[in-house]
DNA sequence: CCACGGTGATAACCGATGGTTATGACGATC
DNA sequence: GATCGTCATAACCATCGGTTATCACCGTGG
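Residue numbers (our numbering), protein chains in the order written: chain A, 1 to 301; chain B, 1001 to 1301.
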């Protein structure tokens, strides 16, 4: 029979393991130092293992502590995801729709337009936007953290989701100003193929491949200069010369701040930005309604 | 600020969600029904969401409950792994070595030979064998559930592990008795390539590809007839005609029980069965000692 | 050499939690 | 309409998780 823990105890352990200092960890956790001490002791007693080596001049992890650390992180991450999903469920119960987005949709008032159209049909509904990291290509749909989301195709587990296209845009290449190819008005993808690329995290699955333009490389693997998980990182990586990357035409303004330019690329297909939802949620009025509003705005544009 | 749960509460919730019946779930959990009722209520109150629809004729999950379910499983699985790792750490502290294996090594007294050699060098050490499922190609090394393990190459994250080869054996094909190719004494892999194959779970990574002989297919993808995660399943799937599969020569006796035959295959490389360990554990005397014993036995054979 | 900061551990205390048994409310069944 | 089986509630009690106050220990510095 496996023993249970309180997730809090793992949080406590993680804090001490990171600070390597009880008093500081206790402050960070907003509990008193004795409480923390006692809980960690209780955790050790429960597991039957010493996790920490206490010393007035500092705390060290034992072998067992090192072994527990990654698992503790794992449990906490899993619970954090559960917590997000519950926050969404709570919101849904109160007539709120949680909308995820990987990057800000931007694109000239798209979001306000959808919102006003949506609010016209559902006056009492509340829309809550939630910015999601690039680790999750579904922007929270996969783990229930959001109900609808603005994402790029292709999605992993395509058959789980429905979508409606928001924008189909050519993919440009983003280059640092000084790059030789920046002199041209337009470039062939063949000229880019051997450059180091900035890549999405591996967890983004097929989407990573898409932005590396894997299909257009004919089997030759890309060089990955760095991994990026946010807009600012991407900008910094470009300026630092770590690599180049493809961007959707509609996202170009977010990147071309200074020192970075974008150029059209011949020989690669366009990108499709969509509003997506879980198929199992197709019955929900708010989900339906938002998709409807989205379709209407996209048609009007 | 994220709210903590007791892992026990998730276990309770999962039991009710699976049984859809409080009283039965309470029995399964060895607690009284009111205790379970109260805890679930407390969980709901804590999360601010109704998880279950109670009805005298049965219990149903709400939307929120459905949303929580996979996360609860995830958290519990992560904690179970942590618990295994702690059991191993506990054992290690008491001079016990935890040895993992995906299938029984068998192979004519290999294990007893290693054990006696090992015990000669470390008389007070205790060896604990732990059979691991086929989902994990490292047989517990990856998540700390074991300290050394008998596994097949290739491993994922190869650079994390050290190993010593126990047996290099040709790969045979296992076929149901009635299969047309069973009539031949030996077959060409080319004749097998288009057959449906039994495959390891996707989580086994490169090992799955190896037993599908991906390298020998020249880019043509295999047909997967079924997934297998244990010896008995494999036998059943073979007899049922769901597909054929490759097996190491040393494992053939486990499979050829009746209705299944094995044949040599031309045109594919051999398999390597190894004892592996985490590189970070190379300093541990028991790990070193077991590897040493293993090397000695392998050399003698 | 001895007082002093700073560490984590311990003690005494108290409300909340998580369990028990006994009992209640309610709908389905016969 | 009595009865059965469901889950909920009540009363009770030990343990848990937190508090404040204090201790034991160790390196440092007059």
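Glycine residues also receive a C-beta, built at the ideal position from the N, C-alpha and C atoms.
In whole angstroms, give me the CA-to-CA distance for residue i and residue j.
{"i": "residue 1090 of chain B", "j": "residue 1148 of chain B", "result": "15 angstroms"}
{"i": "residue 271 of chain A", "j": "residue 1071 of chain B", "result": "32 angstroms"}
{"i": "residue 189 of chain A", "j": "residue 273 of chain A", "result": "21 angstroms"}
{"i": "residue 116 of chain A", "j": "residue 1064 of chain B", "result": "28 angstroms"}
{"i": "residue 1137 of chain B", "j": "residue 192 of chain A", "result": "38 angstroms"}
{"i": "residue 1030 of chain B", "j": "residue 1008 of chain B", "result": "12 angstroms"}
{"i": "residue 1178 of chain B", "j": "residue 1146 of chain B", "result": "40 angstroms"}
{"i": "residue 1298 of chain B", "j": "residue 139 of chain A", "result": "51 angstroms"}
{"i": "residue 35 of chain A", "j": "residue 1285 of chain B", "result": "37 angstroms"}
{"i": "residue 296 of chain A", "j": "residue 102 of chain A", "result": "22 angstroms"}
{"i": "residue 1252 of chain B", "j": "residue 1262 of chain B", "result": "7 angstroms"}
{"i": "residue 276 of chain A", "j": "residue 151 of chain A", "result": "7 angstroms"}
{"i": "residue 287 of chain A", "j": "residue 126 of chain A", "result": "12 angstroms"}
{"i": "residue 1121 of chain B", "j": "residue 1095 of chain B", "result": "13 angstroms"}
{"i": "residue 58 of chain A", "j": "residue 22 of chain A", "result": "9 angstroms"}
{"i": "residue 1232 of chain B", "j": "residue 1131 of chain B", "result": "14 angstroms"}
{"i": "residue 18 of chain A", "j": "residue 1142 of chain B", "result": "22 angstroms"}
{"i": "residue 47 of chain A", "j": "residue 1086 of chain B", "result": "7 angstroms"}
{"i": "residue 1185 of chain B", "j": "residue 1176 of chain B", "result": "14 angstroms"}
{"i": "residue 1187 of chain B", "j": "residue 1207 of chain B", "result": "23 angstroms"}
{"i": "residue 1160 of chain B", "j": "residue 1279 of chain B", "result": "6 angstroms"}
{"i": "residue 1084 of chain B", "j": "residue 1100 of chain B", "result": "12 angstroms"}
Using the DSSP secondary-structure output, state which residues sit across from residue i in a beta bridge.
{"i": "residue 1226 of chain B", "result": "B/1198"}
{"i": "residue 189 of chain A", "result": "According to DSSP, residue 189 of chain A bridges with nothing at all."}
{"i": "residue 96 of chain A", "result": "A/126"}
{"i": "residue 291 of chain A", "result": "Looking at the DSSP assignment, residue 291 of chain A forms no beta bridge with any residue, so it has no partner."}
{"i": "residue 1169 of chain B", "result": "B/1271"}
{"i": "residue 176 of chain A", "result": "A/260"}
{"i": "residue 1152 of chain B", "result": "B/1273"}
{"i": "residue 1247 of chain B", "result": "B/1172"}
{"i": "residue 999 of chain B", "result": "As shown, chain B starts at 1001 and ends at 1301. That puts residue 999 of chain B outside it, with no answer to give."}
{"i": "residue 1101 of chain B", "result": "B/1131 and B/1150"}
{"i": "residue 45 of chain A", "result": "For residue 45 of chain A, which the question treats as bridged, DSSP gives no partner whatsoever."}
{"i": "residue 53 of chain A", "result": "A/60"}
{"i": "residue 1266 of chain B", "result": "B/1188"}
{"i": "residue 6 of chain A", "result": "B/1006"}
Under 7 angstroms between beta-carbons, which chain B residues line up against residue i? List them in chain order, please.
{"i": "residue 47 of chain A", "result": "1086"}
{"i": "residue 78 of chain A", "result": "1071, 1074, 1075 and 1078"}
{"i": "residue 90 of chain A", "result": "1048 and 1049"}
{"i": "residue 35 of chain A", "result": "In chain order: nothing, as chain B lies at least about 14 angstroms away."}
So which residues on chain A does residue i lean against when the C-beta distance must stay under 7 angstroms?
{"i": "residue 1083 of chain B", "result": "2 and 3"}
Note down, in chain order, every chain A residue with its Cβ under 8 angstroms from the Cβ of residue i.
{"i": "residue 1067 of chain B", "result": "85, 86, 88, 89 and 144"}
{"i": "residue 1158 of chain B", "result": "Simply none; closest approach about 17 angstroms."}
{"i": "residue 1248 of chain B", "result": "Chain A residues near residue 1248 of chain B: none, gap ~31 angstroms exceeds 8 angstroms."}
For residue i, return the contacting residues in chain B, with the cut-off set at a CB-CB distance below 9 angstroms.
{"i": "residue 283 of chain A", "result": "Correct list: empty, because the minimum Cβ distance to chain B is about 10 angstroms."}
{"i": "residue 149 of chain A", "result": "What residue 149 of chain A touches in chain B: nothing, since even the nearest Cβ is about 15 angstroms away."}
Would you mind telling me which residues of chain B sit closer than 8 angstroms to residue i, beta carbon to beta carbon, in chain order?
{"i": "residue 25 of chain A", "result": "Those within 8 angstroms of residue 25 of chain A in chain B number zero; the least Cβ separation is about 16 angstroms."}
Could you work out which residues of chain A lie near residue i, taking near to mean beta carbons separated by less than 9 angstroms?
{"i": "residue 1044 of chain B", "result": "In chain order: nothing, as chain A lies at least about 10 angstroms away."}
Can you tell me whether residue i sits near the ligand FMN, meaning its C-beta is under 7 angstroms from at least one heavy atom of the ligand?
{"i": "residue 109 of chain A", "result": "This structure lacks the ligand FMN, and indeed carries no ligand of any kind."}
**Q.** At least three beta-carbon pairs within less than 8 angstroms, the region 74 to 82 of chain A to the region 1073 to 1086 of chain B
**A.** Cβ pair count under 8 angstroms is three or more, so yes.
(Q) With a threshold of 8 angstroms, are at least 3 pairs of Cβ atoms found where one atom belongs to the region 1156 to 1171 of chain B and the other to the region 1221 to 1239 of chain B? (A) Cβ pair count under 8 angstroms is below three, so no.
Q.
Residues of the region 1001 to 1016 of chain B in Cβ contact with chain A at a cutoff of 7 angstroms, in chain order, please.
A. From the region 1001 to 1016 of chain B, only 1002, 1003, 1004, 1005, 1006, 1007, 1008 and 1011 have a Cβ closer than 7 angstroms to chain A.
Q | Positions along the region 1123 to 1144 of chain B whose CB lies within less than 8 angstroms of some CB in chain A | A | The residues in question are 1143 and 1144.
Q | Positions along the region 200 to 232 of chain A whose CB lies within less than 7 angstroms of some CB in chain B | A | Considering only beta carbons, no part of the region 200 to 232 of chain A lies closer than 7 angstroms to chain B.
Q. Can you find at least 3 beta carbon pairs, one from the region 5 to 20 of chain A and one from the region 1002 to 1019 of chain B, that sit closer than 8 angstroms?
A. Contact between the region 5 to 20 of chain A and the region 1002 to 1019 of chain B is present, because at least three Cβ pairs lie under 8 angstroms.
Q: Pull out every residue of the region 93 to 108 of chain A whose Cβ sits closer than 8 angstroms to any Cβ of chain B, in chain order.
A: Residues 93.
Q.
To be precise: take each residue of the region 261 to 277 of chain A, compare its Cβ to all Cβ atoms of chain B, and keep it if any distance is under 7 angstroms. Which residues remain?
A. Closer than 7 angstroms at the C-beta level to chain B, one finds no residue of the region 261 to 277 of chain A.
Q: Select from the region 1165 to 1183 of chain B all residues with a C-beta closer than 9 angstroms to any C-beta belonging to chain A, and list them in chain order.
A: If the cut-off is 9 angstroms between Cβ atoms, the region 1165 to 1183 of chain B has nothing near chain A.
Q: Can you give me, in chain order, the residues of the region 1054 to 1065 of chain B that have a beta carbon less than 7 angstroms from any beta carbon in chain A?
A: Per Cβ criterion, the list reads 1063 and 1064.
Q: Report yes or no: do the region 239 to 255 of chain A and the region 166 to 175 of chain A share at least 3 C-beta pairs separated by less than 8 angstroms?
A: The region 239 to 255 of chain A, when compared against the region 166 to 175 of chain A, does touch it at the 8 angstroms Cβ threshold.
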